[in-house]
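**Q**
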Amino acid sequence: MMISGGGGGGGKSSWSSSTSSWVPTTSVSASGKRIQREMVELNNDPPPDCSAGPKGDNLYHWIATIIGTPETPYQGGIFFLDIKFPIDYPFKPPEVVFKTRIYHCNVDPDGRVSMGILKDDWSPALTITKVLLEVRSIMTNPDPSVEANLIMCLFWNRSMF
1 MMISGGGGGG
11 GKSSWSSSTS
21 SWVPTTSVSA
31 SGKRIQREMV
41 ELNNDPPPDC
51 SAGPKGDNLY
61 HWIATIIGTP
71 ETPYQGGIFF
81 LDIKFPIDYP
91 FKPPEVVFKT
101 RIYHCNVDPD
111 GRVSMGILKD
121 DWSPALTITK
131 VLLEVRSIMT
141 NPDPSVEANL
151 IMCLFWNRSM
161 F
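1 is the number of the first residue of the sequence shown in our numbering; add one for each residue after it.
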């Protein structure tokens with residue numbers, strides 16, 4: 001399934017057409033309703049260079065793309081991520097994993113993203129749009145205080161070591 005849009009934050013992603021046909025049922029949990037609402041908001045106002053939506057019909061498993069930021073080592077790259085929402089979302093953070101190989105101090109060798117808002121700094125007030133923006137942000141400004149890959153932290157900031 002291809003995800004498009006989000007480039008520059010201007011247009012709507014290809015998920016827009018599917019959200020209008022997404023019919024909530026009475027069996028959708030509170031977390032499912034929250035995820036549906038965030039999906040609609042994300043499609044109506046996608047973050048710059050990001051897009052995301054459900055993988056198939058599983059509301060709790062999404063695929064996202066982030067376009068590499070200019071003037072970084074990731075410039076021109078297209079990075080695919082898996083996002084898995086826990087059943088008790090938004091009270092627990094989603095799990096975000098790069099499926100595209102990336103060398104970054106906040107991404108472990110298995111692709112798991114390590115950043116404050118996906119750990120101790122998580123708040124139910126945060127949304128998947130905010131998570132995508134933060135992932136995109138660490139691609140430009142790594143956070144060595146939350147290292148998943150210490151060797152890459154050394155690469156990004158040699159003066160710290």
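Cβ atoms here follow ideal geometry from the backbone N, Cα and C, with glycine treated the same way. Because the structure is a prediction, the values reported are computed rather than measured.
Per DSSP, which one or two residues make a beta bridge with C50?
**A** Position 50 of the sequence shown, counting from 1, holds the residue named residue 50. Its beta-bridge partners are I66.
**Q** Does the region 105 to 123 come into contact with the region 58 to 76, if we say contact requires no fewer than three beta-carbon pairs (one atom in each stretch) closer than 8 Å?
**A** With a cut-off of 8 Å, the region 58 to 76 and the region 105 to 123 do not count as touching, because too few Cβ pairs lie within range.
**Q** Assign I128 to one of three DSSP states: helix, strand, or coil.
**A** The residue given as residue 128 occupies position 128 in the sequence shown. I128 falls in the helix class under three-state DSSP.
**Q** Just how far apart, CA to CA, sit E95 and P70?
**A** What you label residue 95 is simply residue 95 of the sequence shown in a count that begins at 1. What you label residue 70 is simply residue 70 of the sequence shown in a count that begins at 1. Approximately 26 Å between the Cα atoms of the pair.
**Q** Just the Cα atoms here: how many angstroms apart are K84 and R112?
**A** Looking up residue 84 in the sequence shown gives position 84. Looking up residue 112 in the sequence shown gives position 112. Computed Cα separation, rounded: 11 Å.
**Q** Have a look at F91 and I35 and give me their C-alpha separation to the nearest angstrom.
**A** For the purposes of this step, residue 91 is identified with residue 91 of the sequence shown, where counting begins at 1. For the purposes of this step, residue 35 is identified with residue 35 of the sequence shown, where counting begins at 1. Their Cα atoms are separated by approximately 12 Å.
**Q** Is it the case that the Cβ atoms of V97 and M115 are separated by a distance below 9 Å?
**A** Reading the sequence shown from its first residue, position 97 is the one you call residue 97. Reading the sequence shown from its first residue, position 115 is the one you call residue 115. Contact: no.
**Q** Which residue comes first and which comes last in the alpha helix (DSSP H) that contains L42?
**A** Here the question's residue 42 lines up with position 42 in the sequence shown. It spans 30 to 44 - the alpha helix (DSSP H) in which L42 sits, taken as one unbroken run.
**Q** Between which residues of its own chain and T26 is the CB-CB distance below 6 Å, once the five residues before and five after are set aside?
**A** Along the sequence shown, read from residue 1 onward, the residue named residue 26 stands at position 26. Annotation note: pLDDT 49 at T26 (below 50); position unreliable, coordinate value reported separately. Excluding residues within five positions, none has a Cβ falling inside 6 Å.
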